[in-house]
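Here's the structure we're looking at; comments come further down.
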Amino acid sequence: MELTDGADSADESAKAWWSFVDSKQFWKWLLIGGILLNVFTAFSSELGVDTHAHLAEDDEGSLVWGHTRPIDHSASDPTYAPAGGEWDLSLAPSSLGEIGVRGLAIALTLLLIGLGGVAYGMFSGGNGRRAAALIAIY
């Protein structure tokens, strides 16, 4: 008889331990924490070499520390690259500057969080906040 009482109390304690996951406030704070982590990451992470090359002031892709591709020094020269001229479309936000690149990263992350929350909320009976929080911390 004591074995079943121990198993029941262990099951109840496991349920009590996870009870905070069902509260809306937990998911709200997890979502806020995930967004804050994304903002911190966007402003504390270094930009990639190609982004630095696009943000170079002389618009030639040359950087103060040297070429981005040391094997072929001409590879960093935009005039060296073959261009057809017909399909030149630049979607790079380098014209916005460094803050613009970081801001665009945050905006796209928030868009992904919002779309995930809306899409999941439409199909699962109110779990949109949970989906958005999970996307935010990912």
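The numbering of the sequence shown is the working numbering, which starts it at 1239 and goes up by one. Don't be surprised by glycine CBs; every beta carbon is placed ideally from N, CA and C.
message: Can you list, in chain order, the residues of its chain with a C-beta nearer than 8 Å to that of Val-1277? Leave out the 5 residues immediately preceding and following it.
response: Ile-1344
- request: Please check the pair Leu-1269 and Ala-1371, which I expect to be a contact at CB under 8 Å, by giving their CB distance rounded to whole angstroms.
  value: 4 Å
field: Whole-angstrom C-beta distance between Val-1339 and Thr-1289, which should lie under 8 Å
entry: 6 Å
message: Between the alpha carbons of Tyr-1376 and Leu-1350, how many angstroms are there, rounded?
response: 11 Å
- prompt: For the candidate residues Lys-1266, Ser-1257 and Ser-1283, whose alpha-carbon lies nearest to that of Ile-1373?
  reply: Lys-1266
- prompt: Under the rule that 16 or more other beta-carbon atoms within 10 Å means buried, what is Gly-1366, buried or exposed?
  reply: buried
query: Near Met-1239, what residues of its chain come up, given a Cβ to Cβ distance below 8 Å and the 5 sequence neighbours on each side ignored?
result: A caution first: Met-1239 carries a pLDDT of 46, below 50, which makes its placement in the model unreliable, though a value can still be read off. Once the five neighbours on either side are set aside, Met-1239 has no close Cβ partner at all.
Residue range of the unbroken alpha helix (DSSP H) whose run includes Gly-1366: It spans 1366-1375 - the alpha helix (DSSP H) in which Gly-1366 sits, taken as one unbroken run.
query: The alpha helix (DSSP H) with Gly-1271 in it runs from where to where?
result: 1262-1282
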